[in-house]
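K.L.:
Protein chains: 4
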Amino acid sequence: MPTKRKVNLGPSAGPANRAALIAAAREVFAESGFMAPLSAVARRAQVGQGSLYRHFPDRIALAVAVFDDNITALETLAELSDSTLVDLFDSVAQQVIASTALIDMIISERDQRAEHLATRMTAVAAALLARDQDQGRIAATVEPADVMLAIGMLASLLSRTPVAERMESATRARAIFRAAFVPRAP
Amino acid sequence: MPTKRKVNLGPSAGPANRAALIAAAREVFAESGFMAPLSAVARRAQVGQGSLYRHFPDRIALAVAVFDDNITALETLAELSDSTLVDLFDSVAQQVIASTALIDMIISERDQRAEHLATRMTAVAAALLARDQDQGRIAATVEPADVMLAIGMLASLLSRTPVAERMESATRARAIFRAAFVPRAP
Amino acid sequence: MPTKRKVNLGPSAGPANRAALIAAAREVFAESGFMAPLSAVARRAQVGQGSLYRHFPDRIALAVAVFDDNITALETLAELSDSTLVDLFDSVAQQVIASTALIDMIISERDQRAEHLATRMTAVAAALLARDQDQGRIAATVEPADVMLAIGMLASLLSRTPVAERMESATRARAIFRAAFVPRAP
Amino acid sequence: MPTKRKVNLGPSAGPANRAALIAAAREVFAESGFMAPLSAVARRAQVGQGSLYRHFPDRIALAVAVFDDNITALETLAELSDSTLVDLFDSVAQQVIASTALIDMIISERDQRAEHLATRMTAVAAALLARDQDQGRIAATVEPADVMLAIGMLASLLSRTPVAERMESATRARAIFRAAFVPRAP
DNA sequence: TATGAATGAGCCTTCATTCAT
DNA sequence: CATGAATGAAGGCTCATTCAT
């Protein structure tokens, strides 16, 4: 009465699966948002659900793995000597235009790991802010929290905007924030 | 085929139930967002699921009933002769601090009824914008779409911010938008 | 806090409601079959659901009231001196082409009242059969049960055939049964 | 968000469940017709509803699995060199006496998969008809559509006949159709 | 007596999570 | 260590039936 199994390729492709899961999750999160069914991730990665759970015991673990790259990209940006806050806005907007789920998570999850990503992002913002203020591009009264809030608002908005309208909204929002942050009297 | 019953207190409280449903929905939406389970609304209203569906055949019908009040409050605000865009921001922030779901719906639903609420809100924004620009309080370059975008960002952000931090975020955001919209050279 | 009611026209239109319910049920059964929601009947009759239940405590009671007319039409047919079994087939087919639910009920319900209608229908069949056999139009070996079975099959089939194809199926089926019942060697 | 669990005996009986579901569905369809609640199938198979949906994503998928055997049996019958239309009627009757739902589905579903079964059944009928006509057992005027109609009527009727009376009805119906299809003058 | 709101059982469907192989 | 089937808890929705007014 029992069964028939497929094949068990053994532990050969151990971390290959992990990578496949991350890639699949990136796509799935981008298409269907942070709350997309995890089974869809496993399916797209051609991996058993069990393996998904072994590598990433919960949704956040998976999301953190996915979004670490995004944050790293921002950090890299901050290290360029000529990057500005405007670049940061643009980068974030770019990321969110492509995938909505990072901000979904950063804003809504109280989980340690999500907050860690948020912290790294804040550091990026603070670094760029200081540099811009030094060079008189941004008003001295602006605080890092303002920048993070602006980023949060930008991203949160874009994350709920239909894909087709995201670009336009991003442009308009960027103009608003630039106006808000530019120094007053020349 | 028949069904067993427990008690049936009858339709004595006909529209009282309707009111209870709206009140419950306001709370549930505030706590859990626009996608909160409707069964939770029925439960909190102490009402059968069937009654909920009789009164409000779908989620949007319920939401519209809940949020009509909010929009009406904004319209009333716009009619006061001395109200300003800042007042509008504050009102929206106030509302969103209390309940998150109105903007959830306005941003994400393409439904006629949701768009009707959005339209009314836009009208309020446009009226106040015109008045503020006449009196030199807001730069002439600002367009209604900018105002709506700002409101959307504000609300979208607050809607994902944990309740405890909403007030602070709202204050900071208001300052940002004021800075962005104020006229430049005096 | 309580209520507002509509109007209560009193017991003025007592049996008018009953008639409206029967008419509405005839339409609803025709459109949606024997298992159509009773609430749809009440709605179409512009009558409260309670009234429906007062007049017809269950689905069968309502159906019997509706279909009594159909059976009566068949009985009237049988009383015409020149009517034949073929006429009966045609009449049943006609009725079923229009509304499917009578046979649904006769075949599937074991309820007394449904069987009463079946009995009357059988009497009609027997009368016509006897007459046809007297005149040599139908083989002497055919029994009333054969006729009822043929009617049942015809009707049961039509009741499940998409409306557009019913006419064609009815014609073909009639030919089959005629071939089956005609006397053999002339 | 998580879920509580009782026991999980694992997927040891993987395809055993599938078989149990088919068996259960055969019984449930036989007892309650094609529209019987799928939850009843899961319950009778002692299987979670989720498993039912995994194996058979919709009602038709389940029905096709159940009825494929039936059609296969008919096809096998047609391949026997000495089988006749009468055998086909008897086989169909036999099957329908046991389970009602096959014809329910073939008649009422416009779904691809249901029509595929219908097509196979028609092929069987046409093959047997040709052979019977060759050997003079069936009138040359009879067309495959007549046979299918007869089968449809037979099955449709039986499908609505209480189990106890099915055998008798089947016998009588077979006699009728034989009479209808036999060649006329010897 | 008529009304129509309220009830709640039950069906369908989706998913997170577990676990035998 | 990977697999993928099994589980069952929700949630959405529909309807038959009751009952205060």
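Sequence lines, in order, name chains A, B, C and D. Everything in the first sequence is counted per the numbering used here, starting at 1 for the first residue and increasing by one. Everything in the second sequence is counted per the numbering used here, starting at 1001 for the first residue and increasing by one. Everything in the third sequence is counted per the numbering used here, starting at 2001 for the first residue and increasing by one. Everything in the fourth sequence is counted per the numbering used here, starting at 3001 for the first residue and increasing by one. The beta-carbon is built from N, C-alpha and C at its ideal position, and this holds for glycine as well. Keep in mind the model is a prediction, meaning the values are calculated, not measured.
Do the region 3080-3096 of chain D and the region 2124-2142 of chain C meet, that is, are 3 or more Cβ pairs less than 8 angstroms apart?
P.N.:
no
K.L.:
Scan the region 1120-1142 of chain B for residues whose Cβ lies nearer than 7 angstroms to a Cβ of chain A and list them as they occur along the chain.
P.N.:
The residues in question: there are none.
K.L.:
Where residue 3174(D) and residue 2028(C) are concerned, what is the direct C-alpha to C-alpha distance, given to the nearest angstrom?
P.N.:
In the fourth sequence, the residue the question calls residue 3174(D) occupies position 174. In the third sequence, the residue the question calls residue 2028(C) occupies position 28. Each residue's alpha carbon lies about 35 angstroms from the other.
K.L.:
I'd like to know if residue 2146(C) contacts chain D, where contact means its C-beta is closer than 7 angstroms to some C-beta of that chain.
P.N.:
Within the third sequence, numbered from 1, the residue matching residue 2146(C) stands at position 146. For residue 2146(C), the answer is yes, since a Cβ of chain D falls inside 7 angstroms of its Cβ.
K.L.:
Beta-carbon of residue 180(A) versus every beta-carbon of chain B: anything under 7 angstroms?
P.N.:
Stepping through the first sequence from its first residue, residue 180(A) is reached at position 180. Output row for residue 180(A): interface = yes.
K.L.:
Taking only three categories from DSSP, how would you classify residue 3080(D)?
P.N.:
Residue 3080(D) sits at position 80 when you count from the first residue of the fourth sequence. In this structure, residue 3080(D) counts as coil in the three-state DSSP scheme.
K.L.:
What do you reckon, are the CB atoms on residue 45(A) and residue 20(A) nearer than 7 angstroms?
P.N.:
Position 45 of the first sequence, counting from 1, holds the residue named residue 45(A). Position 20 of the first sequence, counting from 1, holds the residue named residue 20(A). Taking 7 angstroms as the Cβ cut-off, residue 45(A) and residue 20(A) qualify as a contacting pair.
K.L.:
Hey, how far is the Cα of residue 3099(D) from the Cα of residue 3058(D)?
P.N.:
Residue numbering aside, residue 3099(D) sits at position 99 when the fourth sequence is read from its first letter. Residue numbering aside, residue 3058(D) sits at position 58 when the fourth sequence is read from its first letter. Taking the straight line from one Cα to the other gives about 19 angstroms.
K.L.:
For residue 113(A), decide whether its Cβ has a neighbour in chain B, counting only Cβ atoms nearer than 7 angstroms.
P.N.:
Position 113 of the first sequence, counting from 1, holds the residue named residue 113(A). So, not an interface residue.
K.L.:
At the level of alpha carbons, what is the spacing between residue 115(A) and residue 1017(B)?
P.N.:
Start at 1 with the first residue of the first sequence, and residue 115(A) comes out as number 115. Start at 1 with the first residue of the second sequence, and residue 1017(B) comes out as number 17. Answer to the nearest angstrom: the Cα atoms are 42 angstroms apart.
K.L.:
Can you tell me whether DSSP reads residue 2092(C) as helix, strand or coil?
P.N.:
Position 92 of the third sequence, counted from the start, is the residue given in the question as residue 2092(C). In the structure shown, residue 2092(C) sits in a helix (DSSP, three-state: H, G or I).
K.L.:
Under the three-state reduction of DSSP, which class applies to residue 1144(B): helix, strand or coil?
P.N.:
In the second sequence, the residue the question calls residue 1144(B) occupies position 144. In the structure shown, residue 1144(B) sits in a helix (DSSP, three-state: H, G or I).
K.L.:
Buried or exposed: which applies to residue 15(A), given that a residue is buried once 16 or more other Cβ atoms fall within 10 Å of its Cβ?
P.N.:
Your numbering for residue 15(A) matches position 15 in the first sequence. It counts as exposed.
K.L.:
Report the neighbours of residue 3034(D) on chain C: residues whose CB is nearer than 7 angstroms to its CB, in chain order.
P.N.:
Residue numbering aside, residue 3034(D) sits at position 34 when the fourth sequence is read from its first letter. At a beta-carbon threshold of 7 angstroms, none of the residues of chain C lie near residue 3034(D); the nearest stands roughly 10 angstroms away.
K.L.:
So, at 8 angstroms on beta carbons, what are the nonlocal neighbours of residue 3033(D) in its own chain, with the 5 sequence-adjacent residues on each side left out?
P.N.:
Translated into the one-based positions of the fourth sequence, residue 3033(D) becomes position 33. These residues qualify, in order along the chain: 3100, 3101, 3104, 3159.
K.L.:
Name the chain A residues whose beta carbon is nearer than 8 angstroms to that of residue 1029(B)?
P.N.:
What you label residue 1029(B) is simply residue 29 of the second sequence in a count that begins at 1. Chain A residues near residue 1029(B): none, gap ~16 angstroms exceeds 8 angstroms.
K.L.:
According to DSSP, is residue 39(A) helix, strand or coil?
P.N.:
What you label residue 39(A) is simply residue 39 of the first sequence in a count that begins at 1. Helix, per DSSP.
K.L.:
Nearest to residue 1094(B) by CA position, among 1065(B), 1131(B), 1037(B), 1167(B), is which residue?
P.N.:
Residue numbering aside, residue 1094(B) sits at position 94 when the second sequence is read from its first letter. Out of 1065(B), 1131(B), 1037(B), 1167(B), 1167(B) has the C-alpha closest to the C-alpha of residue 1094(B).
K.L.:
Residues in its own chain within less than 6 angstroms of residue 3183(D) by CB, not counting five upstream and five downstream?
P.N.:
Walking along the fourth sequence from the start, residue 3183(D) turns up at place 183. Here the set comprises 3139.
K.L.:
When we look at the beta-carbon of residue 3163(D) and count the other beta-carbons within 10 Å, is it buried (16 or more) or exposed?
P.N.:
Walking along the fourth sequence from the start, residue 3163(D) turns up at place 163. It counts as exposed.
K.L.:
Below 8 angstroms on the Cβ atoms is my guess for residue 2125(C) versus residue 2088(C); work out the distance and round it to an integer in Å.
P.N.:
Start at 1 with the first residue of the third sequence, and residue 2125(C) comes out as number 125. Start at 1 with the first residue of the third sequence, and residue 2088(C) comes out as number 88. Rounded, the Cβ-Cβ distance is 6 angstroms, consistent with contact.
K.L.:
Closer than 9 angstroms, Cβ to Cβ, to anything on chain A: give me those residues from the region 1084-1112 of chain B, in chain order.
P.N.:
1103, 1104, 1107, 1108, 1110
K.L.:
For residue 1002(B) and residue 2050(C), I'd like the C-alpha separation in whole angstroms.
P.N.:
Against the second sequence, residue 1002(B) aligns to sequence position 2. Against the third sequence, residue 2050(C) aligns to sequence position 50. Unreliable placement is indicated for residue 1002(B), whose pLDDT of 37 sits below 50; no coordinate value is reported for it.
K.L.:
What separation, rounded to the nearest whole angstrom, lies between the Cα atoms of residue 3121(D) and residue 2096(C)?
P.N.:
Looking up residue 3121(D) in the fourth sequence gives position 121. Looking up residue 2096(C) in the third sequence gives position 96. Going from the Cα of residue 3121(D) to the Cα of residue 2096(C) covers about 26 angstroms.
K.L.:
Quick one: measure Cβ to Cβ for residue 2129(C) and residue 2142(C), integer angstroms, because I've assumed they're closer than 8 angstroms.
P.N.:
As a working note, residue 2129(C) is residue 129 in the third sequence. As a working note, residue 2142(C) is residue 142 in the third sequence. Yes, they are in contact, since the Cβ atoms of residue 2129(C) and residue 2142(C) sit about 7 angstroms apart, within 8 angstroms.
K.L.:
Find the residues of chain C that neighbour residue 3176(D), judging by a C-beta separation of less than 9 angstroms, and give them in chain order.
P.N.:
Here residue 3176(D) refers to the residue found at position 176 when the fourth sequence is read from its first residue. Chain C residues near residue 3176(D): 2142, 2146, 2149, 2150, 2153, 2176, 2177, 2180, 2181.
K.L.:
For residue 2172(C), return the contacting residues in chain D, with the cut-off set at a CB-CB distance below 7 angstroms.
P.N.:
Taking the third sequence and counting its residues from 1, one reaches residue 2172(C) at position 172. Under the 7 angstroms cutoff, chain D gives 3145, 3146, 3149.
K.L.:
Note down, in chain order, each residue of its chain lying with its Cβ closer than 6 angstroms to the Cβ of residue 1147(B), except the 5 sequence neighbours on either side.
P.N.:
Taking the second sequence and counting its residues from 1, the one referred to as residue 1147(B) is at position 147. Only 1125, 1129 meet the Cβ criterion.
K.L.:
For the alpha helix (DSSP H) that contains residue 2050(C), what are its first and last residues?
P.N.:
Indexing the third sequence from 1 puts residue 2050(C) at position 50. Residues 2049-2055.
K.L.:
At least one CB of chain C closer than 7 angstroms to the CB of residue 3077(D): is that the case?
P.N.:
What you label residue 3077(D) is simply residue 77 of the fourth sequence in a count that begins at 1. No, residue 3077(D) lies away from the interface with chain C (no Cβ there is under 7 angstroms from its Cβ).
K.L.:
If you draw a straight line from the alpha carbon of residue 2066(C) to that of residue 1063(B), how long is it in whole angstroms?
P.N.:
The residue labelled residue 2066(C) in the question sits at position 66 within the third sequence. The residue labelled residue 1063(B) in the question sits at position 63 within the second sequence. The alpha-carbon atoms of residue 2066(C) and residue 1063(B) are separated by roughly 42 angstroms.
K.L.:
So what does DSSP say about residue 34(A), is it helix, strand or coil?
P.N.:
Here residue 34(A) corresponds to residue number 34 of the first sequence, with the count starting at 1. Note: residue 34(A) maps to coil in three-state DSSP.
K.L.:
Residue 1060(B) by DSSP, collapsed to three states: which one?
P.N.:
Reading the second sequence from its first residue, position 60 is the one you call residue 1060(B). Three-state result, residue 1060(B): helix.
K.L.:
With a Cβ-Cβ cutoff of 7 angstroms, do residue 152(A) and residue 1074(B) count as a contact?
P.N.:
Residue mapping note: residue 152(A) aligns to position 152 of the first sequence, counting from 1. Residue mapping note: residue 1074(B) aligns to position 74 of the second sequence, counting from 1. Contact: no.
K.L.:
Tell me, please, whether the CB atom of residue 2038(C) is closer than 7 angstroms to any CB atom in chain D?
P.N.:
The residue labelled residue 2038(C) in the question sits at position 38 within the third sequence. Answer no: the Cβ-Cβ gap between residue 2038(C) and chain D never drops below 7 angstroms.
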